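Following our numbering, the residues of the sequence shown are numbered contiguously, the last one being 201. Glycine included, every Cβ here is placed at the ideal spot set by N, Cα and C. All figures in this text were calculated on a predicted structure; none of them were measured in a lab. So the structure is just underneath, and the comments pick up after that.
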Amino acid sequence: MSRPPLPGGPYLIVGLARSGVAAALALASRGETVIGTDRAGLAPTELDGSGVELVEDPFGALERVRCLVKSPGVDAAEPLIVAARERGIAVLGELEAQLNDPLAAAGYFRKSLQLAETKSEQLFLSKRLLACDEQIPA
């Protein structure tokens, strides 16, 4: 069973910790327009030179995007997420955004594996990476 296609961009990534950065980089590497924001003001150096635009006013960015990708730490009831849904903007979790494309998913899991802190995280991500790699045509 194939996954439905990823909604079109531009994309707003909300939450720029590990998974948000990985999602932003994966989408940007596919040539997508990506805007990132973080309520804690994070500006990860991993995004330097990636083409991901960082903004302080995420509500203003809603005017420019067709899809919002939220990190796990971002509550679905937050005003920004609610406003996006009210405007008809597709809202996805960062993992959903990655798993629609095995190549992008592999990049997500590879990046996350580099950042994994525990053996159990490493094992989980290694298994997912292997499953993605098996789906990528040679």
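Within 10 angstroms of its Cβ, does I98 collect 16 or more other Cβ (buried), or is it exposed? Sixteen is the threshold: when 16 or more other Cβ atoms of the shown chains lie within 10 Å of the Cβ of I98, as they do, the residue is buried.
Kindly give me the distance between the Cβ atoms of A124 and L75, rounded to whole angstroms, as I take these residues to be in contact under 8 Å. The pair is a contact, with the Cβ atoms about 5 Å apart (cut-off 8 Å).
Can you name the residues that DSSP bridges to L131? In DSSP, L131 forms a bridge with L75, V154.
According to the Cβ coordinates, are L110 and V84 closer than 8 Å? If you check the CB distance, L110 and V84 come in under 8 Å.
Boundaries of the alpha helix (DSSP H) in which V145 is found, first to last residue: Its alpha helix (DSSP H) spans residues 142-149.
Using three-state DSSP, classify V97 as helix, strand or coil. Strand.
Let me confirm a value: F172 is counted as buried when at least 16 other C-beta atoms fall within 10 Å, else exposed. Which label applies? Around the beta carbon of F172, 16 or more other beta carbons lie within 10 angstroms, which makes this residue buried.
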